[in-house]
Amino acid sequence: MKLSPLNRRRWRSFRRNRRAFWSLLLFSALFVLSLFAEIIANDKPIVASYRGELYFPAYRFYPETTFGGDFRTEANYTDPSVECLIVSGGREECWDEPEATIAQARTGFVNGEDIHRGWTIWPPIPYHYRTINNVGTAPSAPDAAHWLGTDDTARDVAARVIYGFRLSILFTLIVTLVASALGIAAGAVQGYFGGRTDLVFQRLLEIWGSTPSLYVIIILFAILGRSFWLLVFVSILFGWPALVGVVRAEFLRARNFEYVRAARALGVRDRTIMFRHILPNAMVATLTMLPFVVTGTISSLAALDYLGYGLPASAPSLGELALQAKQNLQAPWLGFAAFFTFAIMLSLLVFIFEGIRDAFDPRKTFR
Numbered sequence: 009m010k011l012s013p014l015n016r017r018r019w020r021s022f023r024r025n026r027r028a029f030w031s032l033l034l035f036s037a038l039f040v041l042s043l044f045a046e047i048i049a050n051d052k053p054i055v056a057s058y059r060g061e062l063y064f065p066a067y068r069f070y071p072e073t074t075f076g077g078d079f080r081t082e083a084n085y086t087d088p089s090v091e092c093l094i095v096s097g098g099r100e101e102c103w104d105e106p107e108a109t110i111a112q113a114r115t116g117f118v119n120g121e122d123i124h125r126g127w128t129i130w131p132p133i134p135y136h137y138r139t140i141n142n143v144g145t146a147p148s149a150p151d152a153a154h155w156l157g158t159d160d161t162a163r164d165v166a167a168r169v170i171y172g173f174r175l176s177i178l179f180t181l182i183v184t185l186v187a188s189a190l191g192i193a194a195g196a197v198q199g200y201f202g203g204r205t206d207l208v209f210q211r212l213l214e215i216w217g218s219t220p221s222l223y224v225i226i227i228l229f230a231i232l233g234r235s236f237w238l239l240v241f242v243s244i245l246f247g248w249p250a251l252v253g254v255v256r257a258e259f260l261r262a263r264n265f266e267y268v269r270a271a272r273a274l275g276v277r278d279r280t281i282m283f284r285h286i287l288p289n290a291m292v293a294t295l296t297m298l299p300f301v302v303t304g305t306i307s308s309l310a311a312l313d314y315l316g317y318g319l320p321a322s323a324p325s326l327g328e329l330a331l332q333a334k335q336n337l338q339a340p341w342l343g344f345a346a347f348f349t350f351a352i353m354l355s356l357l358v359f360i361f362e363g364i365r366d367a368f369d370p371r372k373t374f375r
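Okay, structure coming up:
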């Protein structure tokens with residue numbers, strides 16, 4: 009897609025802001041890596057070769073019978089017997105002496121017989137965020153097996169941070185995009201038409217803004233249960249008024265400018281004037297508020313998880329990790345993991361949006 013001269017000038021202005029540009033690169037790299045969390049932290053192999061065929065357990069369901077087992081439930085790939093079945097090609101000796109059979113299978117022979125030697129490729133972190141590890145005491149300190157230690161239910165903290173980072177960013181992107189679109193549209197309508205339309209909208213916003221959102225969330229979760237999409241819906245429901253005031257003020261200021269009057273006199277449609285001519289001039293003030301919307305969305309998700317009214321208990325939640333840090337002061341690695349994850353994530357987002365705001369500011373773009 010070819011950029012217009014104005015957008016190319018904005019992109020050059022953004023790149024000149026080295027802090028924002030490098031923050032965008034680093035944040036993009038972290039987010040892209042988190043999208044492939046299943047091949048970074050998982051208790052299932054990325055690829056498994058069994059009797060000459062390739063399987064992808066990290067992304068597909070395979071019953072134990074696929075590898076010569078007895079059960080139709082999903083194979084437990086950390087079980088030595090299942091590992092032996094894969095490596096040895098489904099030998100019956102795996103049920104009696106799995107470890108000895110694995111050692112023989114790696115040579116290509118079991119009890120002197122040539123076999124279909126299999127293999128598995130595991131993720132760098134061989135734990136899923138739900139995996140409970142038998143590490144003795146929990147939480148346990150960081151070591152070679154658990155880079156950031158384990159939490160109070162013996163789950164790997166590094167795996168939960170990776171999945172929690174992805175979940176937080178996806179939640180924030182969905183809520184911010186939808187809520188911002190609704191808020192910008194509502195503010196544009198209020199500011200452009202003014203009069204009775206503005207008066208009615210303002211009264212509705214005052215009523216809606218006085219609604220206790222936490223109580224609504226508690227009631228909905230008590231009736232419908234805790235879920236990701238329900239939390240997204242409620243966050244959008246209470247998050248869209250954040251940008252209404254800023255956009256409304258910009259439209260009220262710009263609707264009587266000469267170019268708007270000229271467009272009306274030429275018969276240009278109101279929708280075209282609002283979103284093609286006035287809105288680009290209101291984007292600087294809008295983008296100034298957007299970092300607060302993004303960081304507020306992440307903070308609200310963490311706060312709800314911290315209070316126990318956020319995501320389901322089985323979800324990889326950074327707020328729940330912060331709650332565990334408070335409840336286990338003898339395990340400082342939990343607090344460090346939660347703090348540095350939030351600090352890095354929020355700092356990068358703020359730097360990126362600061363650069364975007366400056367790039368859209370004509371006073372700095374045309375300097």
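Residues in the sequence shown are numbered from 9 upward in steps of one, following our numbering. Glycine residues also receive a C-beta, built at the ideal position from the N, C-alpha and C atoms.
By how many angstroms is the C-alpha of Ser188 removed from the C-alpha of Phe246?
11 Å
Which whole-angstrom value describes the C-beta separation of Ile123 and Ala113, a residue pair presumed to lie in contact below a C-beta threshold of 8 Å?
6 Å
Is Leu228 near Leu312, with beta carbons less than 9 Å apart?
no
Using 8 Å as the threshold, is the stretch 33–48 in touch with the stretch 13–23, meaning 3 or more CB pairs across them?
no
Are Trp248 and Gly191 close, meaning C-beta to C-beta below 9 Å?
yes
Rounded to the nearest angstrom, how far is the Cβ of Ala346 from that of Ala367, given a contact under 8 Å?
Not quite, the Cβ-Cβ distance comes to about 32 Å (not below 8 Å), so this is no contact.
Between the C-alpha atoms of Gly199 and Glu362, what's the straight-line distance to the nearest angstrom?
25 Å
Check the C-beta distance from Val255 over to Ala290 and give it rounded, since I have them as a contact under 8 Å.
6 Å
Quick check on the burial criterion: 16 or more other C-beta atoms within 10 angstroms. Buried or exposed for Val90?
buried
Can you give, in chain order, each stretch of the beta strand (DSSP E) that sits fully within the stretch 89–156 and has at least 3 residues?
127–129
Are Ala293 and Ala250 close, meaning C-beta to C-beta below 9 Å?
In terms of Cβ geometry, Ala293 and Ala250 do not form a close pair [threshold 9 Å].
Could you pull out every residue in the same chain whose Cβ sits closer than 8 Å to the Cβ of Thr296, ignoring the five residues on either side in sequence?
Sequence-distant Cβ neighbours of Thr296 in its own chain, meaning closer than 8 Å and more than five residues away, are Val254 and Arg365.
Between the C-alpha atoms of Ser31 and Pro220, what's the straight-line distance to the nearest angstrom?
Here the alpha carbons of Pro220 and Ser31 stand approximately 36 Å from one another.
Please determine, among Gly203, Phe29, Phe179 and Ile281, the residue with the shortest C-alpha to C-alpha distance to Ile244.
Phe179
Could you tell me which of Gly195, Thr158 and Asn141 sits nearest to Ser148, measuring between CA atoms?
Thr158
If you drop the 5 nearest sequence neighbours on each side, which residues of the same chain put their C-beta closer than 6 Å to that of Pro340?
Within its own chain, no residue has a Cβ closer than 6 Å to the Cβ of Pro340 once the five positions on either side in sequence are excluded.
Specify, as a first and last residue, the run of the beta strand (DSSP E) that Leu295 falls within.
That residue, Leu295, is in no beta strand (DSSP E); its alpha helix (DSSP H) goes Leu287 to Leu315.
Express the C-alpha separation of Asp87 and Glu101 in angstroms, rounding to a whole number.
15 Å
Classify Arg204 as buried or exposed, calling it buried when 16 or more other Cβ atoms lie within 10 Å of its own Cβ.
Per the 10 Å Cβ criterion, exposed.
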